[in-house]
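Numbering (my numbering), first residue to last: 14 to 334.
For each residue, glycine too, the CB sits at the ideal point set by N, CA and C.
Let me begin by presenting the structure, written as structure tokens, before commenting on it.
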Amino acid sequence: MLRSVLRGTGSALPARIVTNAELAQQVDTTDEWIVERTGIRQRHVAGDAETTGTLATAAAANALAAAGLSPSDIDLIILATATPDRTFPATAAAVQRELGCGIGIAFDMQAVCSGFIYALATADAMLRTGMARHALVIGAETFSRILDWTDRTTCVLFGDGAGAVVLSAQDVPPDGPGIIATRLHADGQHEELLYVDGGPSTTGTVGKLRMQGREVFRHAVTNLADVMEQVLNETGFASSDVDWVVPHQANARILDATARKLGISPDRVVTTVDRHANTSAASIPLALDVAVRDGRIRPGNLVVLEAMGGGFTWGAALLRT
């Protein structure tokens, strides 16, 4: 059967690291308060010369190197981001130019923290229908640009970064590698729980991120557990078959609560939120790259990816490496 096979992963992080102690000098918070409620100890923050596009390009180059492919092999780039370099053109097209990929398909996808799962599902569909042969799927964000740095309830949660994967359409046996299933959902009635209070068509400004954290937490645990169960039930696998869960790195308590709800040991959950904080669409590919490069995720592993973000949007993907 034709599947979208994971060929390589890559990531990129801004040079500057901001610790909780540094934030405590700017807003009324403490390292202990942040760690207890979120699990976050530090985050990377983009400098003036670092943008979503530069981080995405660096992550993509690392993924290409890991895959053993050249930029000219890539005929599809999907960049998941809520913080593009410009309103238009798509930042994906800038990445295509900087890498020297040549003419192909390139576009951005906006589903906030679920963006990478949405982009992965879209690339999978396009590869399996023959629209492309090799795809770069990237999650990249510079959320520091849309944070209210006087709001201690949100500014401590987010960081900047990028992660990327290379997918190739390949004929494989039923138990072979590749994306096995994806599930996507959205429910627009919860928009006011997590949003940015600006935009080109409304205020003409970028705006700042606003969130009702307690309500988001409640929805996240329920929605993420449900969509993971859906993608497993659809394919006949049980949670005990899963080698690794690579979740959106929003909050350590959400990760723990979701794992408990599914009966999955925390030892099988890849966690990077302590180092990266919440990097929105970048968090899954960042965490995936960490776990691939440190040897935890190996060829033949069954891996679940899952995320929920503003909208609300949420989704999951099941793949074999």
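Boundaries of the alpha helix (DSSP H) harbouring E35: N33 to L36, taken from the DSSP string. Taking the CA atoms as reference points, A270 sits about 16 Å from L318.
Ranked by Cα distance from L332, the options G176, A28, R266 and E247 are led by E247. Under the DSSP assignment, S253 falls outside any beta strand (DSSP E); it carries neither an H nor an E label.
The criterion of a C-beta distance shorter than 7 Å is satisfied by R165 and D41.
Per DSSP, A119 is one residue of the beta strand (DSSP E) stretching across I118 to M122. Here the segment 183-197 lies against the segment 17-25, with 3 or more beta-carbon pairs under 8 Å apart. Beyond the five residues adjoining it in sequence on each side, D161 comes within less than 6 Å, by CB distance, of K221 in the same chain, given in chain order. In the structure shown, the three-state DSSP call for W327 is strand.
For secondary structure counted as the beta strand (DSSP E) over 3 or more consecutive residues, the segment 252-296 holds these complete runs in sequence order: 257-260. The beta carbon of A265 sits closer than 8 Å to those of T51, G52, I53, T284, V286 and D287, all from its chain and outside the five residues before and after it, given in chain order. For G66, the enclosing alpha helix (DSSP H) stretches over residues T65 to A80. Look at A95 here: in three-state DSSP terms it is coil, with no helix or strand label. For P102 and V179, the gap between their C-alpha atoms comes out near 23 Å. In this model, H57 and T163 are separated by some 18 Å (Cα to Cα).
Here A294 is near A93, since their CB atoms are less than 7 Å apart. Straight-line measurement puts the Cα of A25 at about 33 Å from the Cα of M14. Beta bridge pairing from DSSP links L149 with I90 and V179. Of the other Cβ atoms in all chains shown, fewer than 16 fall within 10 Å of the Cβ of P312; this residue is therefore exposed.
Distances from the alpha-carbon of V150 to those of G249, T167, I130 and L207 put I130 closest. One thing to note: G60 has its Cβ within 7 Å of the Cβ of R29.
Around S252, the same chain offers L275, G276 and I277 as residues with beta carbons nearer than 6 Å, after the five sequence neighbours per side are excluded. Residue pairing from DSSP places L315 in a beta bridge opposite R333. DSSP links A194 through a beta bridge to L331.
When rounded, the separation of the alpha-carbon atoms in A320 and W327 is 6 Å. Here the alpha carbon of H261 sits roughly 30 Å from the alpha carbon of G113. Annotation: G113 is outside any beta strand (DSSP E) and is labelled neither H nor E by DSSP.
Distance from the Cα of G115 is smallest, within the candidate group L133, A124, P84 and T135, for P84.
Less than 7 Å divides the Cβ of A329 from the Cβ of M241. A residue is called buried once 16 or more other Cβ atoms fall within 10 Å of its Cβ, and Q202, having fewer, is exposed.
A76 places its beta carbon less than 7 Å from that of G23. Nearest to A80 by C-alpha distance, out of D302, Y208 and Q55, is D302.
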